[in-house]
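Enquirer:
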Ligand SMILES: *Cc1c(COP(=O)(O)O)cnc(C)c1O
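Numbering (our numbering), first residue to last: 42 to 494.
#1: Would you give the residue range spanned by the alpha helix (DSSP H) that residue 178 belongs to?
#2: Just to confirm before moving on: does the CB-CB distance between residue 180 and residue 338 stay below 9 Å?
#3: Identify the continuous alpha helix (DSSP H) that holds residue 352 and give its terminal residues.
#4: Based on Cα-Cα distance, which residue from 136, 331 and 193 lies nearest to residue 265?
#5: Using the three-state DSSP reduction, which class does residue 342 fall into: helix, strand or coil?
#6: Which value, in whole angstroms, describes the spacing of the CA atoms of residue 158 and residue 437?
#7: Can you confirm whether the segment 386-397 touches the segment 128-144 when touching is taken to mean that 3 or more C-beta pairs between the two stretches lie within less than 8 Å?
#8: If you pair each beta-carbon of the segment 467-481 with each one of the segment 418-436, do three or more pairs fall below 8 Å?
#9: Please identify the residue among 113, 92 and 86 whose C-alpha is closest to the C-alpha of residue 74.
#10: Compute the distance between the beta-carbons of residue 96 and residue 142, then report whether it is under 9 Å.
#11: For residue 469, which three-state DSSP category applies?
#12: Apply the 10 Å Cβ neighbour rule to residue 319 and answer buried if 16 or more other Cβ atoms are within range, or exposed otherwise.
#13: Rounded to whole angstroms, what is the Cα-Cα separation between residue 313 and residue 277?
#14: Does at least one heavy atom of ligand 1 sit under 8 Å from the Cβ of residue 456?
#15: Would you grab the beta carbon distance between residue 145 and residue 371 for me? Rounded to a whole angstrom, and I think it's under 8 Å.
#16: To which residues of the same chain is residue 462 closer than 7 Å at the C-beta, ignoring the five residues directly before and after it?
#17: Output needed for residue 217: all residues of its chain with C-beta closer than 7 Å, excluding positions within five of it in sequence on either side, in chain order.
#18: Measuring only the C-alpha atoms, how far is residue 301 from residue 203?
#19: Based on DSSP bridge pairs, tell me the residues matched to residue 155.
#20: Entirely within the segment 43-75 and at least 4 residues each: give me those alpha helix (DSSP H) ranges in chain order.
#21: Would the segment 89-106 count as touching the segment 352-361 if we require 3 or more Cβ pairs under 8 Å?
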């Protein structure tokens, strides 16, 4: 199975040729094959089975049936949820990370990989204005980052409160617009939400202060989570205000920038992020708006040694990675142990294209959102719900109910024009553009809007 026989030789050629073709697709088609489990099952024809199959046979099934049944998140026509637009450099290097079995667990095993990843973490920390002490690691996604950070926040609160507070149920101040992964994290960690009433969907320092003042037990609040770019609307919370109140009340200040954190690289919106430099922890997903392949989230702590004291795994077989002071073990900064060096594709791509190209690509999506908003406002049947801050545009078509939005979106996908599933705003079904791919055009936007007539 591991030997270099003729099958391996031809398999390398076939798989690399497939990868090469895919890399050369420009633009990447949206795709939408069969999604019926019975049909997919029939196509697999019992793969895998007890015996071998030729690689070409298996690859053929993948290419003809399974691959088309995956909508391409990296198509410029993918405008739903949060799209992806990994650079060619990052995709190629991701392949290299796999081919060379690069892991990024400990300095002892993987100093080269970890050092390159840390350079990227430093770059992000600098953009945020975090101190030189800041550091962390790359994890699989924003959900993993939020969980790892809030576990540290809870532990810090517990230590501060001491034995008198043993068994206390901790709370985290959040806005109603915080990401669903925060709700999940609280459930996993057995913490409760102190929901802060927000001002026009934006968490503010005043709102937080009022919520703490109204709470019968403000001492049970361990942390506050602000969002720097809500997923549904791209709204950036009042980070400076929240940071100040967090400091007054000694709360851990976590900033969830999974989607919008990339805006730190866009000069036209950088001012909205003021206050982020005070974050105790901060996450951003390069697999979203920093053009890295799935799956990749950067997790940064202001004071990584606290995170290390919470997340380090003790096992006798791991002692050797921990007895050398000064060595950086990414495994110590989140709930994981084994980890792929998933920050490397971003390091390679940033190095190849330069950071300025990233700023430009991020600005392109922001400009497109502004242009699309103007276009929506110029059309009588349409209404812009709010002025876009980042790359997300929410709007409604007068007179439409949920079923009409769904039918419109289904037809757009069927015709391979766009993937743009409806969203919701204050309980109402609405339409939503999520711009991220630098090759999405205004022509496409107009075509999509024309279909609402
Ligand atoms: C996407 C997103 C998350 C979750 O990130 P995953 O990478 O999908 O786990 C968390 N918070 C925000 C604001 C997001 O946009």
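All residues carry an ideal CB built from backbone N, CA and C; glycine is no exception.
Expert: Quick answer:
#1: Residue range 176-180 is occupied by the beta strand (DSSP E) that includes residue 178, with no alpha helix (DSSP H) assigned at that position.
#2: Going by C-beta atoms, residue 180 is nearer than 9 Å to residue 338.
#3: Start and end: 345-352.
#4: Comparing Cα-Cα distances from residue 265 to each of 136, 331 and 193, the minimum goes to 193.
#5: Residue state for residue 342 is assigned as strand, using DSSP reduced to three classes.
#6: Answer to the nearest angstrom: the Cα atoms are 42 Å apart.
#7: The segment 128-144, when compared against the segment 386-397, does touch it at the 8 Å Cβ threshold.
#8: Pairwise C-beta distances place the segment 467-481 in contact with the segment 418-436, as three or more of them are shorter than 8 Å.
#9: The candidate whose alpha carbon is nearest that of residue 74 is 113.
#10: No, Cβ-Cβ distance for residue 96 and residue 142 is not below 9 Å.
#11: Correct three-state label for residue 469: strand.
#12: It counts as buried.
#13: Approximately 7 Å between the Cα atoms of the pair.
#14: Proximity of the beta carbon of residue 456 to ligand 1 is not indicated: no heavy atom of the ligand is located closer than 8 Å.
#15: Distance from residue 145 to residue 371 at the Cβ level is roughly 5 Å; contact confirmed, criterion being Cβ atoms closer than 8 Å.
#16: Excluding positions up to five away in sequence, the list reads 121 and 450.
#17: Non-local C-beta neighbours of residue 217 in its own chain, meaning closer than 7 Å and more than five positions away in sequence, comprise 236 and 239, ordered along the chain.
#18: Residue 301 and residue 203: Cα-Cα distance of roughly 36 Å.
#19: Beta-bridge pairing links residue 155 to no other residue.
#20: With a minimum length of 4 residues, the unbroken runs of alpha helix (DSSP H) contained wholly in the segment 43-75 fall at 47-65.
#21: The segment 89-106 vs the segment 352-361: no contact.
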